[in-house]
Structure formats: C-alpha cells, structure tokens
Amino acid sequence: MTLLDFNTGKMLKEKAAELRRHIIVMNCYAGSGHPGGALSAVEIITSLFHDEMNFTVANKNSPSRDRFVLSKGHACMALYGALAQCGFISTDEFKGLRQIGGKLQGHPDMQKTTGVEFNSGSLGHGLSFALGVALGAKFKREKFRVYTLLGDGELNEGQVWEAFMFGAHYQLDNLVAIIDHNKLQSDAECDKVTALSPLLDKLTAFGWNVIEIDGHDFSAISAALYTARRAKKRPTVIVANTIKGKGISFMENVPKWHGSLAPEGEEREIALKECGYEGGDL
Amino acid sequence: MISMRDAFGQALVELGKIRNDFVVLDADVAGGTGTLPFREAFPNRFIQCGIAEQNMVSMAAGFSTSGLIPIVTCYSVFASMRAIEQARNSVAYPKFNVKIIASHVGLDVGPDGPSHQAMEDLAIFRSIPNFRVVSPADPTELKKALPSILSSDGPVYMRTGRSPLPTIFDEDIGFRIGKAMIVRDGVDCTIIAVGVMVARALVAAGELEADGIKCRVVNMSTIKPIDMAVIKDSAEKTGAIVTAEDHNIIGGLGGAVAEVLGEICPVPMQRVGIKDRFAESGDPEALATKYGLDSRTIKAAVLRVIKRKKS
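Just so you know, the sequences run in chain order A and B. Counting in the numbering used here, the first sequence runs from 1 upward without gaps. Counting in the numbering used here, the second sequence runs from 1001 upward without gaps.
The structure is reproduced here in structure tokens:
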C-alpha cells in the first residue's frame, strides 16, 4: 500500500531532482563542501519540506510550527536548497556559500540563514537539541512535531546514545529521528571505522520505535512518517538506507566525496550534466 | 553559616513561587548542587537528565526555544569541561537563553579531591563569546544574583560553592551583571576578589589596617563582562592591585584584571590563586592554607605589591 497519491509522488520527484541540481551548483560555486552526505539525504529532506512538515515562510516564527533540525550539519547544502525551494532564502545566496559575507555558512547558522533552527555542524548535538525542543513542546502543550536528521557516522558520538536514552525515558513521541544510513563516513565504511552494526538491534534495545526503509523511496519515507505519528509514548527512529553521493555516478559510494571538496575539471562537467544543470557557465 | 549551594536551593524555591518561567535540569547530583528542595517543591519543573551532561546542555538549548528558561545544574568540572563543547556550539554560538549554574568549584570542594576541584571554569567560560560569567561572594549576593541572571537574556555561567560561607552582605545589597562592588575602601592597595576569596580579602584588609595599611576591597562577582571602570579607578586611586580567586592562577580573575591593567592603566599587581597545579583531598580551609588561598597569603601579596609600587 502506498500513501502517496500520484501527483504528490511526481511533485516530490521533481523537487528532488531540482534539489540535487541546487546541491551540485552550490558545491561548484563554493569549491568545497560536503556533497556526498547532502545527496544521500535529498529524498528525506524533500519529503519533509514538501510533504510532511507544517513549516512555511508564513509560519516560520510561530511557536506551533514543525521543526527540522539538521544534526548532520555538514549536509547543509541539501537544507539550503530546500529552504530556497520553499522561499526562505533566494537562490542568489548560493553564490555566497562558504564565502566571506555570505548568508550560507559552511555549517548551518540560524542567525545568518532564515529557516535554519539550530547551529549544527558539531556532530552529536542535533539529536539532543531536538529532544529539548520536543520536551519543551510537551511542557507548553504544543502539538507540533520535531524532525531531526543524523548521519550514521555521527552515531560514533557518545552524546547520541545519551540522547537515545533520554528520548525513550521521556517518551517523546512528538520526535522523529531519521538516520541517513549511507554506510560511509569521512574515512571509510562505518563498520570499518568502529562497529556500528547491528544498528537496528541497538536502537530497538534503547527503547525507540524503529523503522527501516529505503531512504530514496518517497512512498517508503511517507509511510514511515505516517507510522511515526501513530506511535505513542515512544520516539521514532527511521533508519533510511541510502547511497552516499546518490545521483552523481562518480560520487556514489566513494568515501572521498564526503568532503570537504567540490568536483573539478571533467568531473565537474559530468556532475553538472548528471544533475540536469542547463544554466550555462556558473 | 550556610553554603552557597544551599543558598542556591533556597533561592530557587523562593523564585519558583513567584515565577513560572524556568525549569531546573539535573545530572543526578541534586544532593550535591543543592537543588533537592526545588525538586520537592516543584517536581514538574525539575528535569532529571541522568549522568549525561553533554546531552543535558544541548537539550537545554533546544528546550529554551519553548520560551521557558532551563537552568542547567551540575558540578563545575562537568559543566566547564566535559560538556564545554556543547556549551560553546549548542548554547553560546546560537545564543540561546540557557543558564548554567555549577557547584563544586576550586579547593572549596575539599575532600572530593582534584577530580572534582574545578579550577579552570572561569578561564574557560570567559573565553567563549556570548557567555557572561558570574561568581557571587556570599549567600545573600547569590540570592540577589539569581533573579537578575534569569531576567537577563542569553547564556550565563554562574558558580555556587560547596562549603558553608560567612555572610558578608546585608539583605539590601544590589546586584547587576557586570557591576563590581567596592566593599571596603582604602588608598594603599586594592584587593580584587571573587567568590569565597572576598571574605578572606576582607579579613586580610582588616589585619593590614591594624598595621597602618589601608586596602580597598572589590567584590568582582562578574568576571565577564569585567567592570573595567572599577579596575581603572582602583589602579589610579591605590596604585597597586592584588587579585584573589579560588581558581587556577592562569586565565581567571587575575588574568582578566591583568588584561585591563596592561591595556589601560598599568600598575604593579600580584595574583593570589591556585598555582597551576592539582591539589588534594582535605578540609577546604586547610587546603586554602596549604595551597596559598588564605588571608595570610593575600596579606603577603599586598605587602609585596606595595613594595613594588614604592620602588
């Protein structure tokens, strides 16, 4: 069964293709950045911003808005692209990414970039921050939901496991953590760096409502988010199996495209072509 | 005599009765930090975070977006070192309204020993942008400081303390962040002290007066932003400065005062503090004597700095 109607699915696919273009264009402008983990998160972020969340330019300061916390802050090109699609920022800002005086910092900065909820970039902080937002909502009897996106390499951080204990203890069913499980971190495969497996067993043991999906399948993402809404007294963690560098052939599953770097020369041409960029010289 | 942590606990309960805009976060040390009375009085405004200070600090940042003010409480070693990167990146950089209030500071910790005797916290927190750093001198000042820092938007780190302390101030004492207080005036030297050292500085000043030396004593209860006007005035009027802190001699009050003196009004100065070494378990007063934090050490520093002034 799919919960996505045909038109929504089509719209999401178009938005995702555009977001990939935004990421590659931004990356080429900046000459550095973290394309691999931004590309793996495209469908997840697209689904959240264009289907799931009640978060718009109109309600961006409302206490009742849904919140998105990018815990894997290095994937900020995906967030910036989505914010541009939703009208929070202009695509003109892309040129200033990682540049002095620009609004788009190398990692998210809520004071500089409209629509950013937290200054992430230091791995492990975002889940804790999101738990605090979710707990604050319970105190204030607000009904909004909190979404946070973590990297799988980020799970090396001990703070994350402190946070998993805390979330289960306080039964924060208004929070969904999504793990962008692309299996690679900066240096190599996650399981080669330090044993991450068995991930699902670990998360289940920590008392969370665990859902595993294909993180590039909109129907699966949508269904998981729907299921999460129905989980009571438990926070949900969605393990989204993804491909690092997804959509750009030479980046897929290659650790070095974690970053920080940007494609150059022939690779730059290939990347621009594969993401469907037709805007002429950058 | 009551301890700063007990004064803190009482102040929390009193404030809790008239304000409902704050909650208290704890890392399984409520007995140690003095927050137990608040937990008993307001169980629904007390958030147990477990022995997980890093999650507690980042979580507090998120919680503050609700408009409620989280008061993070734990021992200073963990607030200022274990979770300092969370304080920097989750709290200070985005400038969230989080108050971190820590007990167990300096040799005042006593028998728990060096692992718990935080002597770097003032130096660390004052080097982080957006953090203001406060360390009251007695229970009365602490009770005045607490509502003041709660009403002042943005990150604050405040020291309490573990041992019973003499009361220095009357109930009508005022408190403003960034405003130092001249507790006693004199013309020969100024002792700028913080926390437990203010009472010791007053003892030293009293004894020196018997020898004909008149000391000004300044309670520098805000380390950052430091009250430059009072430091400048003291340098100009007394010509010599001694700083006194229950903290490492590097980077804390002495460092902050030296920065001001060096740039705007150089005069001879001496620092009293822990001499860049780990101490040991023991009674706080005995440790103060052994490690050079007592009134006798302050007196000796005053005599030395006055000698330098004359030469």
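Using N, Cα and C, we set each Cβ at its ideal position, and we do this for glycine too. These figures come from a predicted structure and were not determined experimentally.
Integer-rounded CB distance, given that residue 72 of chain A should sit under 8 Å from residue 89 of chain A: Not really, about 20 Å apart at Cβ, beyond 8 Å.
Same chain only: Cβ atoms within 6 Å of residue 1049 of chain B, ignoring 5 sequence neighbours per side: Counting only residues of its own chain and dropping the five nearest sequence neighbours on each side, residue 1049 of chain B has a CB closer than 6 Å to the CB of 1025, 1027, 1056.
State the DSSP-derived secondary structure class of residue 1273 of chain B, mapped to helix, strand or coil. DSSP, reduced to helix, strand and coil, places residue 1273 of chain B within a strand of the structure shown.
Rounded to the nearest angstrom, how far is the Cβ of residue 1295 of chain B from that of residue 1200 of chain B, given a contact under 8 Å? Indeed, because the Cβ distance is near 5 Å, the residues count as touching under 8 Å.
Taking just the CA atoms, how far does residue 1120 of chain B sit from residue 213 of chain A? Going by the C-alpha atoms only, they are around 47 Å apart.
Of the listed residues B:1043, B:1284, B:1011, B:1038, nearest to residue 1165 of chain B (C-alpha basis): Here the closest residue by C-alpha is B:1284.
With a CB to CB cut of under 8 Å and the five nearest residues on each side skipped, what residues in its chain are close to residue 191 of chain A? Correct list, in chain order: 183, 197.
Within chain B, the residues that residue 210 of chain A reaches when beta carbons sit closer than 7 Å: Neighbours of residue 210 of chain A on chain B: none; closest Cβ ~20 Å, over 7 Å.
At least three beta-carbon pairs within less than 8 Å, the region 34 to 52 of chain A to the region 77 to 87 of chain A: Result yes; three or more Cβ-Cβ pairs closer than 8 Å.
From which residue to which residue does the beta strand (DSSP E) around residue 1224 of chain B run? Note, residue 1224 of chain B: beta strand (DSSP E), 1222 to 1224.
Along the chain, where does the beta strand (DSSP E) that runs through residue 1189 of chain B open and close? From DSSP, the beta strand (DSSP E) with residue 1189 of chain B extends over 1189 to 1193.
Do residue 1174 of chain B and residue 1103 of chain B come within 9 Å of each other at the CB atom, strictly closer than that value? No. Outside cutoff.
Take residue 264 of chain A as the anchor and find which of A:96, A:251, A:121 has the nearest alpha-carbon. Measuring C-alpha to C-alpha distances from residue 264 of chain A to each of A:96, A:251, A:121 identifies A:251 as the nearest.
Distance, residue 275 of chain A Cα to residue 20 of chain A Cα: If I take the Cα positions, the gap works out to 6 Å.
Expected contact under 8 Å - CB spacing of residue 1291 of chain B and residue 1300 of chain B to nearest Å: 14 Å between Cβ atoms; not a contact.
Residues bridged to residue 151 of chain A (per DSSP): According to DSSP, which records beta bridges pairwise, residue 151 of chain A is partnered with A:180.
Would you call residue 169 of chain A buried or exposed, if buried means 16 or more other Cβ atoms sit within 10 Å of its Cβ? Burial call: exposed.
Could I get the ranges of all uninterrupted beta strand (DSSP E) runs contained in the region 1203 to 1266 of chain B, with 3 residues as the minimum, in chain order? With a minimum length of 3 residues, the continuous beta strand (DSSP E) runs that stay inside the region 1203 to 1266 of chain B are 1215 to 1219, 1222 to 1224, 1241 to 1248.
If you draw a straight line from the C-alpha of residue 13 of chain A to the C-alpha of residue 1259 of chain B, how long is it? Approximately 59 Å between the Cα atoms of the pair.
Say whether chain B places a C-beta atom closer than 9 Å to the C-beta of residue 134 of chain A. Contacts with chain B at 9 Å (Cβ-Cβ) include residue 134 of chain A.
Using 9 Å as the limit for Cβ to Cβ distance, is residue 111 of chain A near chain B? Answer yes: the Cβ-Cβ gap between residue 111 of chain A and chain B drops below 9 Å somewhere.
Going by DSSP in three states, residue 1091 of chain B sits in which element: helix, strand or coil? Helix, per DSSP.
Given this structure, state the Cα-to-Cα distance separating residue 1197 of chain B from residue 1182 of chain B, to the nearest angstrom. Cα to Cα, the separation comes out at about 14 Å.
To be precise: take each residue of the region 1054 to 1068 of chain B, compare its Cβ to all Cβ atoms of chain A, and keep it if any distance is under 9 Å. Which residues remain? Result list: 1054, 1055, 1056, 1057, 1058, 1059, 1060, 1061, 1062, 1063, 1064, 1065, 1066, 1067, 1068.
Per DSSP, what kind of secondary structure is residue 86 of chain A in: helix, strand or coil? Three-state DSSP puts residue 86 of chain A in coil, outside helix and strand.
Counted within 10 angstroms of its Cβ, other Cβ atoms place residue 1 of chain A as buried (16 or more) or exposed: Residue confidence for residue 1 of chain A is low, a pLDDT of 44 falling below 50, so the modelled location carries little weight; the figure read from the coordinates is stated next. Under this definition residue 1 of chain A is an exposed residue.
List, in chain order, every chain C residue whose beta-carbon is nearer than 7 Å to that of residue 162 of chain A. The chain labelled as chain C is not found among the protein chains of the depicted structure, namely A and B.
Reference residue 267 of chain A, options A:121, A:248, A:161, closest by Cα: The residue with the shortest Cα to Cα distance from residue 267 of chain A is A:248.
When the Cα atoms are used, what is the spatial distance from residue 106 of chain A to residue 98 of chain A? C-alpha separation (whole angstroms): 5 Å.
Just verifying my parser: in three-state terms, what is the DSSP assignment at residue 51 of chain A? In the structure shown, residue 51 of chain A adopts helical secondary structure according to DSSP, grouped into three states.
Along the beta strand (DSSP E) that carries residue 190 of chain A, what are the first and last residues, could you check? The continuous stretches of beta strand (DSSP E) do not include residue 190 of chain A, which lies in the alpha helix (DSSP H) extending over residues 190 to 193.
Where the region 1267 to 1296 of chain B meets chain A: residues whose CB sits under 7 Å from a CB there: Those residues of the region 1267 to 1296 of chain B that come within reach of chain A (Cβ to Cβ, closer than 7 Å) do not exist; the list is empty.
Check whether the region 1094 to 1103 of chain B touches the region 1145 to 1157 of chain B, taking contact to mean three or more Cβ pairs, one atom from each stretch, closer than 8 Å. Judged by pairs of C-beta atoms under 8 Å, the region 1094 to 1103 of chain B touches the region 1145 to 1157 of chain B, as three or more such pairs exist.
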